[in-house]
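Below: one structure, written as structure tokens.
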Amino acid sequence: MSGYSLSIILPARGNQESLNRFLEDLLKNQDDKNWELIVVDDYSQTPLSIEHYQQTRWKLFRTKNKIGAAAARNY
């Protein structure tokens, strides 16, 4: 168990701009800090990044091949 009351699992592939918009909106609209974000980069040609945001509750995993959104949620 992570100790958080909520885990958000976000499968993503190849669109850093869209991911950044989502992350910016998430930062603007968060009230409760008892959650974590898990981004699963589903084998993007250019690897996605969340390092810019420096959030300790956010994690990024990269798959070794395309597995699809459903499988990425269970990665």
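Under this note's numbering, the first residue of the sequence shown carries the number 16, and numbering increases by one thereafter. The beta carbon of each residue, even a glycine, is placed where N, CA and C say it ideally should be.
Quick one: is residue i buried, meaning 16 or more other Cβ sit within 10 Å of its Cβ, or exposed?
| i | result |
| --- | --- |
| residue 65 | buried |
| residue 56 | buried |
| residue 27 | buried |
| residue 84 | exposed |
| residue 21 | exposed |
Of the residues the options, which one's Cα is nearest the Cα of residue i?
| i | options | result |
| --- | --- | --- |
| residue 50 | 24, 69 and 31 | 24 |
| residue 41 | 77, 17 and 72 | 72 |
| residue 29 | 22, 86 and 78 | 78 |
| residue 69 | 52, 62 and 59 | 52 |
Which of the three DSSP states, helix, strand or coil, is assigned to residue i?
| i | result |
| --- | --- |
| residue 38 | helix |
| residue 77 | strand |
| residue 33 | helix |
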